[in-house]
Amino acid sequence: MKPHTGLDQGCRLRFACTVCTYLSETTLSAYTGIFRERERERERERERRERERERE
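Whatever position you read off the sequence shown (first residue = 1), add 7 for my numbering.
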């Protein structure tokens with residue numbers, strides 16, 4: 008068996024390749040995690056602004 012080359016180096020198996028699918032899944036979950044965290048931060052910021060408006 009050849010060593011894994013990766014999609015960036017032209018892995019021809021792509022979806023059949025377990026390493027590629029593992030890498031794409033972990034990358035995807037990392038990105039969605041970052042996206043969700045940013046969304047939460049925006050929500051907190053929005054709530055903080057609303058509270059400040061109510062105080063005025």
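Glycine included, each C-beta is placed from N, C-alpha and C at the ideal position. None of the values given here were measured: they were computed from a predicted structure.
Query	Result
Rounded C-alpha distance that separates T34 from R53	29 Å
Separation of R51 from R60, as counted between CA atoms	14 Å
Alpha-carbon spacing of R62 relative to Y29, whole angstroms	50 Å
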